[in-house]
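In what follows, a structure is listed as structure tokens, so that the remarks can point back to it.
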Ligand code: BGP
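Residue numbers (this note's numbering): 21 to 503.
Shown next as structure tokens:
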């Protein structure tokens with residue numbers, strides 16, 4: 021008998037902007053992510069040093085074709101069903117439904133996602149829909165993106181369109197993917213927009229964050245009003261933060277980064293209030309957000325049904341001196357730091373992936389324990405996985421390194437369930453290869469290999485990796501057979 025409940029949602033995840041391609045088909049509007057080239061202009065565009073409003077002829081954009089899920093979803097969902105998926109987590113591209121972000125709704129977009137959802141249901145795969153996964157409509161970016169207080173209404177309107185059109189079949193919703201990463205490492209995600217003339221960047225970023233928090237709260241309330249049987253939750257990237265030593269100052273630094281990186285987002289989603297350590301940090305830096313009328317109430321009224329979270333690794337920090345010069349080149353899993361507060365520390369006890377991310381399955385259990393003791397809500401893992409260089413050899417990929425990573429994490433998930441932590445499901449990243457947020461398609465995550473590169477579009481043929489066959493057995497045994 022399995023320790024996992026019969027209803028446990030084994031599955032996998034993708035995101036529209038990283039997998040669909042077809043960036044201009046079906047009357048889709050452009051997004052900020054469509055404007056990010058792969059070549060030499062990449063970082064300048066992401067940092068906003070170069071305008072991203074025009075597509076360049078001398079650059080290749082891997083996301084424009086991505087892995088062509090837009091055309092191949094039937095074949096791909098069939099492969100997911102063959103692995104035994106009970107759920108499939110995917111995001112809806114805002115600009116397929118509403119090309120300009122607000123205004124006219126595009127029937128071709130509605131039809132497309134109806135087909136995707138219906139295909140899932142034909143295979144008894146529960147759709148788990150992410151409402152926003154990094155792809156801000158370009159038309160709204162030009163109107164100030166999340167800096168504009170109207171962004172709250174833009175998002176709630178988008179949510180309403182999704183609930184109206186898909187709510188009869190979609191029971192599980194995720195609001196904003198990794199809002200904490202949008203706030204902490206915006207350039208990596210490619211949606212950072214700092215209005216010209218901004219003098220206090222931190223304040224601006226936390227004002228954007230505030231708008232997202234209010235937008236999320238209002239969307240959760242709307243979901244409960246319109247779809248009483250649906251469930252909705254946030255989807256931040258949670259990495260439990262360790263202190264680099266048992267020096268008291270390092271313990272305090274770890275608490276502060278835990279608050280800034282993790283708890284701010286979940287305290288707000290679950291309890292409707294700002295984390296006190298983060299609020300103090302914002303006050304000390306003259307960066308507290310301005311509340312519009314009704315914001316406080318909106319945040320208090322919202323109650324998620326569960327917590328979705330992405331887990332790749334833990335983080336480790338030590339105390340940072342006030343005059344520390346910190347390297348700004350951080351990504352989702354590397355902690356840059358804040359002078360006077362905390363700075364990243366390479367944990368000597370952990371191995372790293374080929375792309376430099378630490379591997380910490382025990383930390384996965386530590387993260388689940390800490391989250392459950394803080395929030396007491398059911399949880400679903402919305403991402404977890406290993407980015408690696410894969411090689412296709414005679415139609416197969418021998419990705420035993422990926423199997424080892426996933427096995428070690430599922431072992432900890434198993435422990436969490438035996439400790440009575442309410443885990444609803446597990447969606448590794450990624451179901452199928454896709455374009456990484458900042459390292460191209462060469463950083464592969466999927467159970468299924470897609471023949472394409474960062475330099476040119478390949479055949480886009482699909483190949484099952486060894487991990488495909490392994491994960492199928494895991495699901496068949498409801499998480500008991502990890503061999
Ligand atoms: C998360 C994102 C995903 C995904 C993943 C892996 O931050 O939600 O979109 O890409 O991390 O990151 P990367 O693609 O940078 O390797």
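C-beta: ideal position from N, C-alpha, C; glycine also.
Handout entry: Collapsed DSSP secondary structure at residue 46 in the structure displayed
Key = Walking along the chain shown from the start, residue 46 turns up at place 26. Three-state result, residue 46: helix.
Handout entry: Limits of the unbroken beta strand (DSSP E) element including residue 445
Key = Locating residue 445 in the chain shown gives position 425, counting from the first residue. Counting along the chain, residue 445 sits inside the beta strand (DSSP E) bounded by residues 443-446.
Exercise for the section: Would you tell me roughly how many angstroms separate the C-alpha atoms of residue 110 and residue 268, rounded to the nearest one? Expected result: Residue mapping note: residue 110 aligns to position 90 of the chain shown, counting from 1. Residue mapping note: residue 268 aligns to position 248 of the chain shown, counting from 1. If you take the alpha carbons of residue 110 and residue 268, they lie about 42 angstroms apart.
Exercise for the section: Check whether the Cβ atoms of residue 195 and residue 156 sit closer than 8 angstroms, and answer yes or no. Expected result: As a position in the chain shown, residue 195 is number 175, starting the count at 1. As a position in the chain shown, residue 156 is number 136, starting the count at 1. Not closer than 8 angstroms, so no.
Practice task
State yes or no: is the C-beta of residue 352 nearer than 7 angstroms to some heavy atom of the ligand BGP?
Solution key: For the purposes of this step, residue 352 is taken as residue 332 along the chain shown, with counting starting at 1. Checking the Cβ of residue 352 against the ligand BGP gives yes.
Practice task
Flag this pair as yes or no: are the beta carbons of residue 336 and residue 262 separated by less than 8 angstroms?
Solution key: Translated into the one-based positions of the chain shown, residue 336 becomes position 316. Translated into the one-based positions of the chain shown, residue 262 becomes position 242. Yes. Within cutoff.
Practice task
Within its chain, find whatever has a CB closer than 6 angstroms to the CB of residue 422; leave out the 5 residues flanking it on each side and keep chain order.
Solution key: By 1-based counting over the chain shown, the position of residue 422 is 402. Only 406, 487 meet the Cβ criterion.
Exercise for the section: Reducing DSSP to helix, strand and coil, say where residue 261 ends up. Expected result: As a working mapping, residue 261 is identified with position 241 in the chain shown. The answer is strand: DSSP assigns residue 261 an E or B state.
Exercise for the section: Verify the contact flag: residue 509, CB atom, against every heavy atom of the ligand BGP, threshold strictly below 7 angstroms. Expected result: Outside the displayed span of the chain (21 to 503) sits residue 509, for which this structure offers no information.
Exercise for the section: For residue 153, I'd like the list of residues in its chain whose CB is within less than 6 angstroms of its CB, leaving aside the five on either flank, ordered along the chain. Expected result: Locating residue 153 in the chain shown gives position 133, counting from the first residue. Around residue 153: 35, 111, 197.
Exercise for the section: Compute every distance between the C-beta of residue 457 and the non-hydrogen atoms of the ligand BGP, then say whether any falls below 7 angstroms. Expected result: Residue 457 sits at position 437 when you count from the first residue of the chain shown. For residue 457, the distance from the CB to the nearest heavy atom of the ligand BGP is below 7 angstroms.
Exercise for the section: Return yes when the C-beta of residue 463 is under 7 angstroms from any heavy atom of the ligand BGP, and no when it is not. Expected result: If you number the chain shown from 1, residue 463 lands on position 443. At least one heavy atom of the ligand BGP is nearer than 7 angstroms to the Cβ of residue 463, so yes.
Problem - Residues near residue 465 in its chain [Cβ-Cβ closer than 6 angstroms; skip 5 each side] - result: Within the chain shown, residue 465 is the residue found at index 445, counting from 1. Listed in chain order, the non-local C-beta contacts of residue 465 below 6 angstroms within the same chain comprise 405, 407, 449, 450, local neighbours out to five positions each way being set aside.
Exercise for the section: Grab me the residues of residue 145's own chain with a C-beta within less than 8 angstroms of its C-beta, minus the 5 sequence neighbours each way, in chain order. Expected result: The residue you call residue 145 lines up with position 125 of the chain shown. Closer than 8 angstroms at the Cβ level, and outside the excluded window around residue 145, lie 31, 97, 100, 101, 105, 106, 107, 108.
Exercise for the section: Decide if the segment 319-328 is in contact with the segment 234-244; the criterion is three or more beta carbon pairs, one per stretch, under 8 angstroms apart. Expected result: Segments in contact, yes.
Practice task
On a CA-only basis, which of 79, 47, 49 is nearest residue 62? Give me that one, please.
Solution key: The residue labelled residue 62 in the question sits at position 42 within the chain shown. Answer by Cα proximity: 79.
Problem - Euclidean distance between Cα positions of residue 187 and residue 235 - result: To locate residue 187, count along the chain shown from 1; it is residue 167. To locate residue 235, count along the chain shown from 1; it is residue 215. It is roughly 19 angstroms from the alpha-carbon of residue 187 to the alpha-carbon of residue 235.
Exercise for the section: With residue 337 as the anchor, note down where its alpha helix (DSSP H) starts and where it stops. Expected result: Residue mapping note: residue 337 aligns to position 317 of the chain shown, counting from 1. For residue 337, there is no enclosing alpha helix (DSSP H); the enclosing beta strand (DSSP E) has its first and last residue at 335-339.
Problem - Pick from 435, 490, 151 that is closest to residue 418, judged by C-alpha positions - result: As a position in the chain shown, residue 418 is number 398, starting the count at 1. The shortest C-alpha to C-alpha distance from residue 418 to any of 435, 490, 151 is the one to 490.
Exercise for the section: Pull up the distance between the alpha-carbon of residue 270 and that of residue 362, whole angstroms please. Expected result: Within the chain shown, numbered from 1, the residue matching residue 270 stands at position 250. Within the chain shown, numbered from 1, the residue matching residue 362 stands at position 342. The C-alpha of residue 362 is placed about 8 angstroms away from the C-alpha of residue 270.
Exercise for the section: With DSSP as the reference, label residue 21 as helix, strand or coil. Expected result: Translated into the one-based positions of the chain shown, residue 21 becomes position 1. Under the three-state reduction of DSSP output, residue 21 falls in the coil class, being neither helix nor strand.
Problem - Candidates 25, 130, 38, 433, of which the one nearest residue 470 by Cα - result: Along the chain shown, read from residue 1 onward, the residue named residue 470 stands at position 450. Ranking the options by Cα distance to residue 470, first place goes to 38.
Handout entry: Under the three-state DSSP convention, the category residue 298 falls into
Key = Here the question's residue 298 lines up with position 278 in the chain shown. The DSSP-derived three-state label of residue 298 is helix.
Handout entry: the segment 305-313 / the segment 380-398 touching (three or more Cβ pairs under 8 angstroms)
Key = With the rule of 3 Cβ pairs closer than 8 angstroms, the segment 305-313 does not count as touching the segment 380-398.
Practice task
Leaving aside the five residues before and after residue 355 along the sequence, list all residues of the same chain whose C-beta is less than 6 angstroms from its C-beta, in chain order.
Solution key: Locating residue 355 in the chain shown gives position 335, where the first residue counts as 1. These residues qualify, in order along the chain: 335, 337, 364.
Handout entry: residue 221 classed as buried or exposed, judged by whether at least 16 other C-beta atoms fall within 10 angstroms
Key = On the chain shown, residue 221 is found 201 positions in, with the first residue counted as 1. Counting Cβ neighbours within 10 Å, residue 221 comes out exposed, since fewer than 16 surround it.
Exercise for the section: Grab the span of the alpha helix (DSSP H) containing residue 422 for me, first residue to last. Expected result: Taking the first residue of the chain shown as 1, we reach residue 422 at position 402. Looking at the DSSP string, the run of the alpha helix (DSSP H) that includes residue 422 is 420-438.
Handout entry: Span separating the alpha-carbon of residue 87 from that of residue 339
Key = For the purposes of this step, residue 87 is taken as residue 67 along the chain shown, with counting starting at 1. For the purposes of this step, residue 339 is taken as residue 319 along the chain shown, with counting starting at 1. CA-to-CA, the gap between residue 87 and residue 339 works out to about 42 angstroms.
Practice task
Return yes when at least one heavy atom of the ligand BGP lies under 7 angstroms from the C-beta of residue 38, else no.
Solution key: For this step, residue 38 is matched to residue 18 along the chain shown. At a threshold of 7 angstroms, residue 38 counts as near the ligand BGP, since its beta carbon sits closer than that to one of the ligand's heavy atoms.
Practice task
Measure the C-alpha to C-alpha separation of residue 90 and residue 477 and round it to an integer number of angstroms.
Solution key: Working through the chain shown from its first residue, we reach residue 90 at position 70. Working through the chain shown from its first residue, we reach residue 477 at position 457. Just so you know, the alpha carbons of residue 90 and residue 477 end up roughly 15 angstroms apart.
Handout entry: Member of 26, 205, 43, 437 whose CA lies at the smallest distance from the CA of residue 75
Key = Taking the chain shown and counting its residues from 1, one reaches residue 75 at position 55. Of 26, 205, 43, 437, the residue nearest in Cα terms is 43.
Problem - Alpha carbon of residue 391 to alpha carbon of residue 258, nearest angstrom - result: Along the chain shown, read from residue 1 onward, the residue named residue 391 stands at position 371. Along the chain shown, read from residue 1 onward, the residue named residue 258 stands at position 238. Taking the straight line from one Cα to the other gives about 9 angstroms.
Problem - Counterpart residues of residue 255 in DSSP-defined beta bridges - result: Your numbering for residue 255 matches position 235 in the chain shown. Note: residue 255 sits in a beta bridge opposite 197.
Problem - Cα-Cα separation, residue 190 to residue 483 - result: Your numbering for residue 190 matches position 170 in the chain shown. Your numbering for residue 483 matches position 463 in the chain shown. Take the alpha-carbon of residue 190 and the one of residue 483: they are about 29 angstroms apart.
Problem - Short Cβ contact (8 angstroms threshold) for residue 151 with residue 199 - result: Walking along the chain shown from the start, residue 151 turns up at place 131. Walking along the chain shown from the start, residue 199 turns up at place 179. Taking the C-beta atoms as reference points, residue 199 is found no nearer than 8 angstroms to residue 151.
Handout entry: Nonlocal neighbours in the same chain, by C-beta distance under 6 angstroms from residue 278, ignoring five residues either side
Key = As a position in the chain shown, residue 278 is number 258, starting the count at 1. The answer, listed in chain order, is 261.
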